[in-house]
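Down below is the structure, laid out as structure tokens.
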Amino acid sequence: MASSMLNGAENLRLRGIAPNGLGFINGKCFPKMGLVSYGRNFKARTLAVKCCISPSRPVSQPRFIQHKKEAFWFYRFLSIVYDHVINPGHWTEDMRDDALEPADLHNPNMTVVDVGGGTGFTTLGIVKHVDAKNVTILDQSPHQLEKAKQKQPLKGCKIIEGDAEDLPFPTDYADRYVSAGSIEYWPDPQRGIKEAYRVLKKGGKACLIGPVHPTFWLSRFFADVWMLFPKEEEYIKWFEKAGFKDVQLKRIGPKWYRGVRRHGLIMGCSVTGVKPASGDSPLQLGPKAEDVEEPVNPFMFFMRFMLGIMAAAYYVLVPIYMWLKDQIVPEGSPI
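Here it is in structure tokens:
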């Protein structure tokens, strides 16, 4: 995957050969065949091969900051420095605008929900195109939302606390669903994407922006310890199972990463899908994976929380390391 990572962002389509080396044809996954990378352009030829499904990592794999209570307290403190420390390394304005482009926010009268909107950083990109009065920011962290309320361009937005896996919106409500940097904390990503389908109107589009599983062994270790870093094919599978059509994936990253995927990005891809029919998702799921009302063992919670913070610290250092390499390594050379 790292060898074919683009410098900047590229569009992937469900039909054809995808730049991660997997061909997606009518929802099936095929091994890499005839894929050639030339800078920002890909040339590919499709060959008839036997189908193989790439094994996915278990979503239930233990991670130290992924569940709602852990994420709540994590952002209780991170909200203080989120816009000034985290965003410059992992979620820049250029990346945000690039990631939102497939959402097709072309009408100021659209109804948009920004799920897991946090401090409103992504919402600032949305209200460039859509009237703030038509935008709702939802997050489970009141501390993050307080930061959003202080931003002048977002004064007209509706700001509410809520759960991405149980959205407080009626079925067929919104024209656009946007969620950036939230899926990594969802105990059940498939349920959250099913909810995205439900709240959209027929023809509405979901745009989910999130991290991608790194390929470098140390980065992969810390990613799996910290929170959910899905594979690209997992994103596509979740969208398809929820009922979305025309599923597309676009890779994003800071310009100074030079397209490197091996260390993982907090925001690594933007995935979009269109709701083809009114009503709820055809996918049927059982009870929620996590009950936030259940009591927790304070000692175990504290230990998990601290281990998660230590794993997260690695991803504060990664962008510094990559920025330094960008300054040292000659332009045009891989880093």
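Residue 296 in full-length UniProt numbering sits at position 296 of the sequence shown; the count goes up by one each step and never skips.
Idealized CB from N, CA, C, for every residue including glycine.
Computed from a predicted structure; not experimentally measured.
{"Item": "Which of the three DSSP states is assigned to residue 144 in this structure?", "Value": "helix"}
{"Item": "Any idea which residues DSSP pairs residue 175 with across the strands?", "Value": "Residue 175 is not bridged to any residue."}
{"Item": "Where do the ends of the beta strand (DSSP E) carrying residue 251 lie?", "Value": "245–251"}
{"Item": "In three-state DSSP terms, what is residue 231?", "Value": "coil"}
{"Item": "May I ask you to report which of helix, strand or coil DSSP gives residue 336?", "Value": "Here the chain covers residues 1 to 335 and nothing more, so residue 336 does not appear."}
{"Item": "Comparing alpha-carbon positions, which option in 181, 150, 186 and 176 lies nearest residue 166?", "Value": "186"}
{"Item": "Do you know whose CA, among 107, 147 and 152, lies nearest residue 134's CA?", "Value": "107"}
{"Item": "Under 8 Å, with one C-beta from each stretch per pair, do the segment 230–244 and the segment 200–219 reach the 3-pair mark?", "Value": "yes"}
{"Item": "Could you spell out where the beta strand (DSSP E) holding residue 206 opens and where it closes?", "Value": "200–210"}
{"Item": "Of the residues 171, 223, 240 and 175, which one's Cα is nearest the Cα of residue 265?", "Value": "223"}
{"Item": "Evaluate residue 195 with the Cβ neighbour count: other Cβ atoms within 10 Å of its Cβ, from every protein chain shown; 16 or more gives buried, anything less gives exposed.", "Value": "buried"}
{"Item": "Under the assumption that residue 271 contacts residue 239 (Cβ atoms under 8 Å), give the Cβ distance between them as a whole number of angstroms.", "Value": "6 Å"}
{"Item": "Measure the C-alpha to C-alpha separation of residue 216 and residue 318 and round it to an integer number of angstroms.", "Value": "12 Å"}
{"Item": "Kindly indicate which three-state DSSP category residue 37 falls into: helix, strand or coil?", "Value": "Annotation note: pLDDT 27 at residue 37 (below 50); position unreliable, no value reported."}
{"Item": "Name the two residues that bound the continuous alpha helix (DSSP H) containing residue 125.", "Value": "121–126"}
{"Item": "Relative to the C-alpha of residue 154, which candidate in 276, 175, 120 and 322 has its C-alpha closest?", "Value": "120"}
{"Item": "Can you tell which of 99, 103, 152 and 93 has its C-alpha closest to the C-alpha of residue 246?", "Value": "103"}
{"Item": "Give the range of the alpha helix (DSSP H) segment to which residue 225 is assigned.", "Value": "217–226"}
{"Item": "So, at 6 Å on beta carbons, what are the nonlocal neighbours of residue 316 in its own chain, with the 5 sequence-adjacent residues on each side left out?", "Value": "none"}
{"Item": "Start and end of the beta strand (DSSP E) containing residue 269?", "Value": "269–274"}
{"Item": "When you compare the CB positions of residue 138 and residue 162, do they come within less than 7 Å of one another, or not?", "Value": "yes"}
{"Item": "If distances are taken between C-alpha atoms only, which option among 110, 204 and 225 comes closest to residue 307?", "Value": "225"}
{"Item": "With DSSP run on the structure shown, which of helix, strand or coil describes residue 311?", "Value": "helix"}
{"Item": "Count the other C-beta atoms from every protein chain shown that fall within 10 angstroms of the C-beta of residue 110, then say buried if there are 16 or more, exposed otherwise.", "Value": "buried"}
{"Item": "Taking the alpha-carbon positions, what's the residue 101 to residue 298 distance?", "Value": "43 Å"}
{"Item": "Three-state secondary structure (DSSP) at residue 318?", "Value": "helix"}
{"Item": "Kindly give me the distance between the Cβ atoms of residue 91 and residue 181, rounded to whole angstroms, as I take these residues to be in contact under 8 Å.", "Value": "6 Å"}
{"Item": "If we count the other Cβ atoms within 10 Å of its Cβ and call it buried at 16 or more, is residue 148 buried or exposed?", "Value": "buried"}
{"Item": "Relative to the alpha-carbon of residue 263, which residue among 190, 323 and 242 has its alpha-carbon at the smallest distance?", "Value": "323"}
{"Item": "By a C-beta neighbour count over all protein chains shown, 10 Å radius and 16 as the cutoff for buried, is residue 115 buried or exposed?", "Value": "buried"}
{"Item": "Quick test of your reading: residue 122 and residue 157, contact by CB under 8 Å. State the CB separation rounded to the nearest angstrom.", "Value": "The Cβ separation is near 12 Å, so there is no contact."}
{"Item": "Run the CB neighbour count on residue 28, radius 10 Å, all protein chains shown included, and call it buried at 16 or more, exposed below.", "Value": "Bear in mind that a pLDDT of 36 at residue 28, under 50, signals an unreliable position, so the number given afterwards is only what the model happens to contain. Label assigned to residue 28: exposed."}
{"Item": "If you count every other CB in all the chains shown that lies within 10 Å of the CB of residue 169, and 16 or more means buried, which is it?", "Value": "buried"}
{"Item": "Anyone know if the C-beta pair for residue 273 and residue 305 falls short of 7 Å?", "Value": "no"}
{"Item": "Give me the residue from 286, 242 and 250 with the minimum Cα distance to residue 277.", "Value": "242"}
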